[in-house]
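Numbering (the numbering used here), first residue to last: 674 to 1187. Note that beta-carbon positions come from the ideal geometry of N, C-alpha and C, so glycine has one too. Nothing here was measured: the structure is a model prediction, and the numbers come from that model.
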């Protein structure tokens, strides 16, 4: 009995260090999903790359991480979570150093693939470790702390990347991971206890089908807009491969349910299935909005990179505040209420963004961003908590891998859809507006009084203003689509089992006991 109490006390003493080190690892991985975006133009010149080549700096990381995420459960069982986390953090840190010192585009893409390979396990493992480190009644607070890295990382990525690129160089976008990774590694080695690995045979066929299907799907989503979607043979092949491989994996899992690499049977759990659907939508709204706002502020408002970062940063503050509040409330209130409230706030903020037009006041952009951040924070923590509440503890690591995969696919789908809609809507709107200008005499409104639209300069100015107006309509259509998607998804929350998060934890314990 004394030995048990001593071990419990030791675990409690190490818990703050475990939380801090796991959050650092999560933040490091989450930052790298967006921090490199703003540095691409500088990388392109420095690495002597074409526009298509430099886009692989982002694509290679996303695809590698997506392929390896479903394997996390098997790797954790084979190696043990502590060893896997140490390997993942070490590998990610070394890969970041290599990215920061890359001398050519080929090297950069290779090192970004390594980053994705090692980073894939960081999020699922950190989530399952925090769930196990805290008692059930504190799972909400644990997910709030973990969620800050997941949600705030992508939001802080662009402004931090812009600051480092503008004041230092693009190399520091990657080199900044070194101190973070070293601190996280030291903390993990000191605080995370060993768990006994168990031998589980690798499902080679399942791994091959999942790798092919998820990799082809991510390539399809990431490259579709640039390659004109189904007008490209490459995109047609990727879509066919993704559908065929994922369909065959579904059949393979049905035959080998007990030994399949990724257990799709987890989706039979109502809370987990609804949680995956909701986190899919959260992934769309979070990353699609992050993909839209910087170019909107740059192209239409002419904001410099640092100003864009400062304008968007309060969104992250709203997210952190909401997470801290909801983490304390979970276990005391029905978790569905903060989810519904958060989704309502998300829809309200997106509705406000549909009123932006070709220009918007800085104050409206900031306060709508804060409201959206509050909504995302209120939604993310309860979903991440309730989704696992009725799962047995031994299922958490594999469930976390599937949960992260769904969120990542949601982000890819969201970015692909809004960027495609933006491009096509701006072209259509340009033609429509241009056709109506002579009939309505709108050139007198669109042009300054001193310019005659019949002159070359006046015609160029008129075309530029029509392009600007057309682009603005495209952005507003995207915001409206995300608002409608959020509203349509809200009724799904009612399908989750009601009650407090702590009750769900008790259900999981009961399931494990039996």
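Inclusion of residue 813 and residue 1054 in the CB contact set at 8 Å is warranted, their separation being smaller than that value. In this structure, DSSP gives residue 1095 a helical state, which the three-state scheme calls helix.
Straight-line spacing of the CA atoms in residue 789 and residue 765 works out to 8 Å. Secondary structure within the segment 1045-1077: not one fully enclosed beta strand (DSSP E) run of 3 or more consecutive residues is present. Boundaries cannot be given for residue 1163, as no alpha helix (DSSP H) includes it and DSSP labels it neither H nor E.
Put simply, the segment 876-896 touches the segment 926-941. At least three CB pairs are less than 8 Å apart.
Using a Cβ-Cβ distance cut-off of 8 Å, the segment 1056-1066 and the segment 1017-1025 are not in contact, since fewer than three pairs of beta carbons, one from each stretch, lie closer than that value. By the 16-neighbour rule on beta-carbons within 10 angstroms, residue 721 is exposed. By the neighbour-count criterion, in which a residue is buried when 16 or more other Cβ atoms sit within 10 angstroms of its Cβ, residue 1022 is buried. In this model, residue 736 and residue 983 are separated by some 30 Å (Cα to Cα). At the C-beta level, residue 1165 and residue 943 stay beyond 8 Å of one another.
Excluding sequence positions up to five before and after residue 1096, its CB lies within less than 7 Å of the CB of 898, all in the same chain and listed in chain order. Look at residue 720 here: in three-state DSSP terms it is coil, with no helix or strand label. Fully contained in the segment 944-1025 are the following alpha helix (DSSP H) runs of length 4 or more, in chain order: 978-1002. Within the same chain, and ignoring the five residues on either side of residue 787 in sequence, the residues whose Cβ sits closer than 6 Å to its Cβ are 768.
DSSP places residue 818 within a helical segment (H, G or I) once states are collapsed to three. Along the length of the segment 812-861, whole beta strand (DSSP E) runs at least 3 residues long do not occur. For the pair residue 918 and residue 892, the CB atoms are not nearer than the 8 Å cut-off. In this structure, DSSP gives residue 1031 a state outside helix and strand, which the three-state scheme calls coil. Look at residue 726 here: in three-state DSSP terms it is helix. In the DSSP assignment, residue 805 falls within the alpha helix (DSSP H) that extends over 795-806. For residue 751, the secondary structure class from DSSP, reduced to helix, strand or coil, is helix. The three-state reading of DSSP puts residue 1081 in helix, counting H, G and I together.
Straight across, the Cα-Cα distance linking residue 743 with residue 1142 is about 43 Å. Put simply, the backbone Cα of residue 770 is about 19 Å away from that of residue 840. With respect to residue 762, residue 858 sits close: the two C-beta atoms are nearer than 8 Å. In this structure, the straight-line span from the alpha carbon of residue 834 to that of residue 793 is close to 21 Å. A straight line joining the alpha-carbon of residue 1001 with that of residue 745 spans about 30 Å. For residue 1169, the secondary structure class from DSSP, reduced to helix, strand or coil, is coil.
Nearest C-alpha to residue 1026 among 956, 1149, 888: 1149.
Note that the C-beta distance between residue 690 and residue 864 is below 8 Å. Here residue 889 has 911, 914, 915, 918 as same chain residues with Cβ atoms under 7 Å from its own Cβ, once five neighbours each way along the sequence are excluded.
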